[in-house]
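Structure record follows, encoded as structure tokens.
2 protein chains.
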Amino acid sequence: MIIESSLDEVKKREKALLIIRDIVENNGRESLYDLTGLSGGFIASPSELSLLETYVGPAIFEDALQEVGIEHMGGEKILPLNRTSSGILATILALVGKGTNVVHYLEQLPAHPSIPRSCKLVGANYFETDVFEEFTIPDNTSLVVITGSTMDLKVIDEDEFRKVIEMAHEKNIPVMVDDASGARLRTVVFNQARACDLGADIAITSTDKLMPGPRGGLMAGREDLIDLIKVKVNQFGLEAQPPVVLAMLNGIKNFSGENLIKSFSRKDEFFDILDKRFNNFQKTPNGVLISPEGLSREIDVDHNLSDNDLAFVLSFILLEDYGIITIPAVGMPGASATIRFDLSTNDAFNMDLNDLGKKIESSFDKLLSVIGDEDKCREIIF
Amino acid sequence: MIIESSLDEVKKREKALLIIRDIVENNGRESLYDLTGLSGGFIASPSELSLLETYVGPAIFEDALQEVGIEHMGGEKILPLNRTSSGILATILALVGKGTNVVHYLEQLPAHPSIPRSCKLVGANYFETDVFEEFTIPDNTSLVVITGSTMDLKVIDEDEFRKVIEMAHEKNIPVMVDDASGARLRTVVFNQARACDLGADIAITSTDKLMPGPRGGLMAGREDLIDLIKVKVNQFGLEAQPPVVLAMLNGIKNFSGENLIKSFSRKDEFFDILDKRFNNFQKTPNGVLISPEGLSREIDVDHNLSDNDLAFVLSFILLEDYGIITIPAVGMPGASATIRFDLSTNDAFNMDLNDLGKKIESSFDKLLSVIGDEDKCREIIF
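See below:
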């Protein structure tokens, strides 16, 4: 076994960072293809960056974000947050009292942990269900939560979405929608309405999910509620900082629904290309993956490597030979060794899938050629 | 009266932003002198910015920040936070139990509100004092807090600092130091030791205070406690995001103790220059200010302007004629109309104080020449 400990993982990651730095320095950023889907974006022009240094840059970007954000999300007012989780915390701090109830409807459990966790912090009772017929709103409920699309990109039915909002509003209870990826996935791919247009009082999206923006949360909704939430946001330091606000603004401006739709159809095309040679790739909503076990089943030559080691070596070959970044090479200790190719990333939009498929095949062939030589594999990783 | 409502203030601010944008576009950033002391810094090279777009940039900057941050703050491990307030919240979430006591010693009340507020959130009892002789640590105390230097830059006595830490450690209670500006003010100007070197278990500083960094919090301290706090930070979205981490790194690297010491002595020099002509300027720890009432007392010609209007017009003349940014022109609705000249800002470091004094005199002369013509004043502001 090559990667045996967290320390090995740290060393492996350091090596990957060095390779990437070399590629950026010698061949430029355009020779790097980040398909992790975790990179986030930071788009900024030199004139914007020089404004960022002054008192006014932030003010200009926040003002501009009001306009661009409302176009993207609907609602009356926008509030940029450090994370979607911080926005959920602030909403619950502002609207949910101790001993009251919070009920959450989502397409498929589990819920994002930030919701029950924030409820616990304020001493509220939290209930969740993914069975629409079982969804009820008990007395003494302070907030109804809807998840637009889950962490695994399962999308809520729009009729159920509307009905939950109706049920809440009949009792005068505000509705917060966690629309982390849903604000784009639901509207662009599934042709649903924006959460605020469906009647949500507060909606939050993640600006790094399915768009070229930074990690952060963008809240939209009723001005009176946003103003209440903003007080908590400023008190506890939950707001997005100016450089992030700038990147949010440019991320939304550079968001292309067409590219997103394309990535959803392209994953089928890409799967078919890979399926000609391999048997163990699987589709994700916006790309493909192969697990360490799946990779192992592709190999019929003798070797002493663990399944995870196979994935690490392949991930390093992809990086070193073709500048393709996948999580096993750069992941933090404990990250999964599954190799994902996310086609909704900025770098993926313009890639030729046949060419990418050939690079994966050729990297796999190289894996086969070194697999019997553990020292050689060790050298590739460290 | 010219500025009568929040709407007027918004319009005034919009005009100021336009003037600043024009100056940046026509004459470049170097023609602008931001003396608000509120700008924060965002220093980044083109190669760093291109790294920011990739999965690895953040990892590289966080690693580099460990080294540079420990040099600045001491301690075993660094944790970059969205705000100092978020770091205080996370520490209290991680270390303070419901019903336990938190005691806080600072040089002068009032304390920063984030500390009692976070205690209230977790249901802890909060006690504070600025009288050292009255400081005691009751039973069932989970955290002792020390403020290194207050919001008004009052600095704690180093012996009292040590004694409070000793008292806490005798009872095995961890000590958190809110060293927002103190991490630089105490060490560089007052020759005190770093909080961690004095025995603090956790210390937090604000990277935009007295250094050219972004708004954000930098925590340092015992690795075991930082790891506990980091869990809360990640759960509730309190960490600094990659662009901010990059700017923190460069802010610390560009911090000059010499410049800070200079700003503290230069404020005396500057005060003397202004005092030749004016009677109502006052010293701040790192600059000078004149209040609207003080400004009014400088004027012996007839006019119908309010004290605040006088300050607004003068602030706009300073901006339009000399590119000098002060808060009355760019401030948010409700901000103070006091004109502060902060000499610890990046832009102030290389300014000739005699020249700056002349610009202020000449702007004041212009104020006198337009003061009788309310329409003219209105035109300057809107």
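Going down the list, the sequences are from chains A and B. Position 128 of the first sequence, counting from 1, maps to 128 under this note's numbering, and the rest follow consecutively. Here this note's numbering = 1-based position in the second sequence + 1000. Every residue, glycine too, gets a C-beta built ideally from N, C-alpha and C.
* Among A:I78, A:T345, A:F364, which residue has its Cα nearest to the Cα of Y33 of chain A? -> A:T345
* **Beta-carbon proximity list for P80 of chain A, same chain, < 8 Å, skipping 5 on both sides** => E62, L65, G69, G216, G217, L218, M219, E239, A240, V244, V245, M248
* Asked: From what residue to what residue does the beta strand (DSSP E) around E77 of chain A run?
  -> Checking the displayed sequence, the identity of residue 77 of chain A turns out to be Lys instead of Glu. 77-81 is the extent of the beta strand (DSSP E) around K77 of chain A.
* **Range of the contiguous alpha helix (DSSP H) that encloses M1248 of chain B** => 1242-1253
* Asked: Whole-angstrom Cβ separation of T1084 of chain B and S1206 of chain B, contact assumed at under 8 Å?
  -> That belief holds up - the Cβ atoms of T1084 of chain B and S1206 of chain B are roughly 5 Å apart, short of 8 Å.
* Asked: Identify the residues that DSSP records as bridge partners of R340 of chain A: which are they?
  -> A:L289
* Asked: With respect to the alpha helix (DSSP H) encompassing H1303 of chain B, which residues constitute its N-terminal and C-terminal limits?
  -> Per DSSP, H1303 of chain B lies in no alpha helix (DSSP H) segment and is marked neither H nor E.
* Given that a residue counts as buried once 16 or more other Cβ atoms are within 10 Å of its Cβ, and exposed if not, what is E14 of chain A? -> When all chains shown are included, E14 of chain A counts as exposed.
* Asked: Tell me, which residues are paired with F1127 of chain B by DSSP?
  -> B:V1103
* Cross-chain neighbours of G1121 of chain B in chain A, by beta carbon under 9 Å -> According to the sequence shown, residue 1121 of chain B is Leu rather than Gly. L93, L121, V122, F236, listed in chain order.
* Any idea what DSSP makes of G1213 of chain B, helix, strand or coil? -> coil
* If we call anything under 8 Å between Cβ atoms a contact, is V103 of chain A one with V144 of chain A? -> Yes.
* At a Cβ threshold of 8 Å, is I60 of chain A touching chain B? -> yes
* Which runs of the alpha helix (DSSP H) fall wholly inside the segment 1149-1234 of chain B and span at least 4 residues, in chain order? -> 1158-1170
* Measure the beta-carbon distance from P1214 of chain B to G1041 of chain B and round it to whole angstroms, keeping in mind my assumption that it falls under 8 Å. => 6 Å
* Does DSSP put L965 of chain B in a helix, a strand or coil? -> Lying outside 1001 to 1382, the shown extent of chain B, residue 965 of chain B is not represented and no answer is given.
* Per DSSP, Q1282 of chain B forms a beta bridge with which residues? -> B:L1289
* Asked: Taking the alpha carbon of Q108 of chain A as the point to measure from, which residue in A:E128, A:K359, A:E158 has its own alpha carbon closest?
  -> A:E128
* To do: Name, in chain order, the residues that DSSP records as bridge partners for E1239 of chain B.
  => B:L1081
* To do: Mind checking which residues open and close the alpha helix (DSSP H) that includes I371 of chain A?
  => Per DSSP, I371 of chain A belongs to no alpha helix (DSSP H) and is neither H nor E.
* Asked: Can you find at least 3 beta carbon pairs, one from the segment 1284-1302 of chain B and one from the segment 1355-1372 of chain B, that sit closer than 8 Å?
  -> yes
* Asked: Taking DSSP as the reference, what is the three-state secondary structure of S1086 of chain B?
  -> helix
* Closer than 9 Å at the beta carbon, the chain B residues around S142 of chain A -> Simply none; closest approach about 17 Å.
* Limits of the beta strand (DSSP E) - the one that V1330 of chain B falls within -> Counting along the chain, no beta strand (DSSP E) covers V1330 of chain B; the unbroken alpha helix (DSSP H) around it starts and ends at 1327-1330.
* Would you please verify whether the beta carbon of P243 of chain A is less than 8 Å from any beta carbon of chain B? => Chain B contact via Cβ: present.
* Along chain B, in chain order, which residues have C-beta atoms closer than 7 Å to that of G216 of chain A? -> Q1241
* Asked: When DSSP labels each residue in this structure, what does L295 of chain A get in the three-state scheme?
  -> helix
* Rounded distance between the beta-carbons of L1185 of chain B and L1153 of chain B, thought under 8 Å -> 6 Å
* To do: Could you tell me whether the Cβ atoms of S149 of chain A and G182 of chain A are closer together than 8 Å?
  => yes
* **Boundaries of the beta strand (DSSP E) in which V145 of chain A is found, first to last residue** => Residues 141-147.
* Would you check if there are 3 or more beta carbon pairs closer than 8 Å linking the segment 268-281 of chain A to the segment 349-357 of chain A? => Of all C-beta pairs linking the segment 268-281 of chain A to the segment 349-357 of chain A, three or more are shorter than 8 Å, placing the two stretches in contact.
* Asked: What residue from B:R1277, B:I1324, B:A1193, B:G1237 has the CA that sits closest to I1020 of chain B's CA?
  -> B:I1324
* Start and end of the alpha helix (DSSP H) containing I20 of chain A? -> 6-27
* To do: Take N1082 of chain B as the anchor and find which of A:F236, A:N250, A:I290 has the nearest alpha-carbon.
  => A:F236
* To do: Taking only beta-carbon positions, decide if V1024 of chain B is within less than 8 Å of chain A.
  => yes
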